[in-house]
Amino acid sequence: MLVIKLNAIDSTNDYLKQLNKEKTLSDYTVVTTFSQTKGKGQMGSNWISEPGKNLTFSVLVKDSVTLQSSIFDCNVAVAVSVLEVLQSLKIPNLNIKWPNDILAESKKIGGILIENSIKADGMIDTVIGIGLNINQEDFSGLPSASSLKNIVEKDFDLEFLLEKIVNQLKSNLNKLPLRKEFFWEKYKSHLFKINQPMAFEDLNQNRFMGIITGVSSDGKLELVLEDDSCQTFGLKEIRM
Ligand code: BTN
C-alpha cells in the first residue's frame, strides 16, 4: 500500500484526484498531510483541522462501482469502517449522523467526503476523504465539534490510527458485495436520532418536525412527518 505523506496541501482529496489523472496509481493509495490548508467538507463547506494534531487523509479506490450495487453502499461501508475502528479504541457513545458524520457523545469528531471520477473507459474511481479530530483540544467557535482526546482524555498515535482505518476500509470494501446488509444494519443501528422526534429545516429555512426512520438505498433521509406522511430528503433538501 502506497502512503504519500505531505507536509502541507490544500486538500488531500484534490491532490489524490489530480495524481490519479496523471499517474497509474495502485488501489488503496493513501495521501495524508500534516497540514491541510483548504480542506473541503460536504456541500461546499470547509474542513478545518489543527496542523499535526488530527488525521486528514484520502484513499483511492479504483473501479469502485464493481463493489457496490447502489450509490450509497460505499458511504455506508466507509462510515461503518471508521466507526468500527473507534469502537475498537473504546470511544464511547458513537453515532453516524446522516449522511456520514462521525459523532461521539453527540459531538462531531469526524467527516467523510467521497468523490467519484469517471475515467475515459467509463469506469469510476473513488477518492474517500476522511477528517478525524484526534488530539486537537481547542474547538473555540465550534461548539458542536470535539476530538478523541477531549472525549477520552488521552493522546493517540496518528500513524497507528491511519493504518488501522485504512486496513479496515480495505477489508470492508472488499467484502462489500457480500456483507452489504451487515454494513447497512450497522449504519442504521448507529444512526444519530433515529426514531426520535426532532426539528429540521428546509432550504427556505422553514422549520418542521419529523422522525428519522432510516436511509434509502440511494442515500436519502427517510422521515415521518407530523401529518404521518413518509418523505425522503436528499442532502440538498434538508438541514438538521
Ligand atoms: C464533512 O464532514 O463535511 C466532510 C469532511 C471531510 C474532510 C476530509 S479531510 C481529508 C479530505 N480532504 C478534504 O479536502 N476533505 C476530506
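Take the working numbering: the final residue in the sequence shown is number 1341, and no numbers are missing along the way. Every residue gets a Cβ at the ideal spot worked out from N, C-alpha and C, and that includes glycine.
Going by the C-beta, is residue 1195 closer than 7 Å to any heavy atom of ligand 1? Within the sequence shown, the letter at position 94 stands for residue 1195. No.
Measuring only between beta-carbons, confirm whether residue 1246 sits less than 8 Å from chain B. Checking the listed chains, one finds no chain B in this structure; it contains a single protein chain.
Run the CB neighbour count on residue 1124, radius 10 Å, all protein chains shown included, and call it buried at 16 or more, exposed below. Here the question's residue 1124 lines up with position 23 in the sequence shown. Looking at its Cβ environment, which holds fewer than 16 other Cβ atoms inside 10 Å, residue 1124 is exposed.
For a minimum of 3 consecutive residues, which ranges assigned as the beta strand (DSSP E) are wholly contained in the stretch 1180-1256? 1195-1198, 1202-1205, 1208-1219, 1225-1233
Thinking C-alpha only, which one of 1268, 1320, 1203 is nearest residue 1170? Position 69 of the sequence shown, counting from 1, holds the residue named residue 1170. Residue 1170 has its Cα closest to that of 1320, out of 1268, 1320, 1203.
Between the Cα of residue 1129 and the Cα atoms of 1237, 1272, 1224, 1135, which residue gives the shortest distance? Taking the sequence shown and counting its residues from 1, the one referred to as residue 1129 is at position 28. Minimum Cα distance to residue 1129 is reached at 1272.
Return yes when the Cβ of residue 1205 is within less than 8 Å of the Cβ of residue 1195, no when it is not. Taking the first residue of the sequence shown as 1, we reach residue 1195 at position 94. Taking the first residue of the sequence shown as 1, we reach residue 1205 at position 104. Yes.
Compute the minimum distance between the beta carbon of residue 1141 and the heavy atoms of ligand 1, and state whether it is under 7 Å. Stepping through the sequence shown from its first residue, residue 1141 is reached at position 40. Within the cutoff, so yes.
Where the alpha helix (DSSP H) containing residue 1113 begins and where it ends: Stepping through the sequence shown from its first residue, residue 1113 is reached at position 12. It spans 1113-1123 - the alpha helix (DSSP H) in which residue 1113 sits, taken as one unbroken run.
Evaluate the contact criterion for the stretch 1300-1308 versus the stretch 1253-1264: three or more CB pairs, one atom per stretch, below 8 Å. no
Residue 1287 lies in the alpha helix (DSSP H); which residues open and close that run? Taking the sequence shown and counting its residues from 1, the one referred to as residue 1287 is at position 186. 1259-1290 is the span of the alpha helix (DSSP H), which, as asked, contains residue 1287.
Can you tell me where the beta strand (DSSP E) with residue 1133 in it begins and where it stops? If you number the sequence shown from 1, residue 1133 lands on position 32. Residues 1131-1137.
From the DSSP secondary-structure annotation, give me the bridge partner or partners of residue 1159. Here residue 1159 refers to the residue found at position 58 when the sequence shown is read from its first residue. DSSP, once it has assigned bridges, lists 1132, 1230 as partnering residue 1159.
Please say whether residue 1229 and residue 1213 have beta carbons closer to each other than 8 Å? Along the sequence shown, one-based indexing puts residue 1213 at 112. Along the sequence shown, one-based indexing puts residue 1229 at 128. Yes, the Cβ-Cβ distance between residue 1213 and residue 1229 is below 8 Å.
Could you tell me the alpha carbon to alpha carbon distance between residue 1282 and residue 1292, rounded to whole angstroms? Along the sequence shown, read from residue 1 onward, the residue named residue 1282 stands at position 181. Along the sequence shown, read from residue 1 onward, the residue named residue 1292 stands at position 191. Straight-line Cα distance between these residues: approximately 15 Å.
For residue 1326, which of helix, strand or coil comes out of DSSP? For this step, residue 1326 is matched to residue 225 along the sequence shown. Reduced to three states, the DSSP call for residue 1326 is strand.
Is residue 1270 buried or exposed, if buried means 16 or more other CB atoms sit within 10 Å of its CB? Indexing the sequence shown from 1 puts residue 1270 at position 169. Its Cβ being crowded by 16 or more others within 10 Å, residue 1270 is buried.
When you compare the stretch 1235-1244 with the stretch 1165-1185, are there three or more beta-carbon pairs, one atom per stretch, that lie closer than 8 Å? no
Using 7 Å as the cut-off, classify the Cβ of residue 1275 as near or not near the heavy atoms of ligand 1, replying yes or no. Locating residue 1275 in the sequence shown gives position 174, counting from the first residue. Checking the Cβ of residue 1275 against ligand 1 gives no.
By how many angstroms is the C-alpha of residue 1154 removed from the C-alpha of residue 1218? Counted from its first residue, the sequence shown places residue 1218 at position 117. Counted from its first residue, the sequence shown places residue 1154 at position 53. The alpha-carbon atoms of residue 1218 and residue 1154 are separated by roughly 30 Å.
Got a sec? Which residues, its chain only, sit under 7 Å from residue 1158 by beta carbon, not counting five neighbours each side? As a working mapping, residue 1158 is identified with position 57 in the sequence shown. Contacts found: 1113, 1131, 1132, 1133, 1231, 1263.
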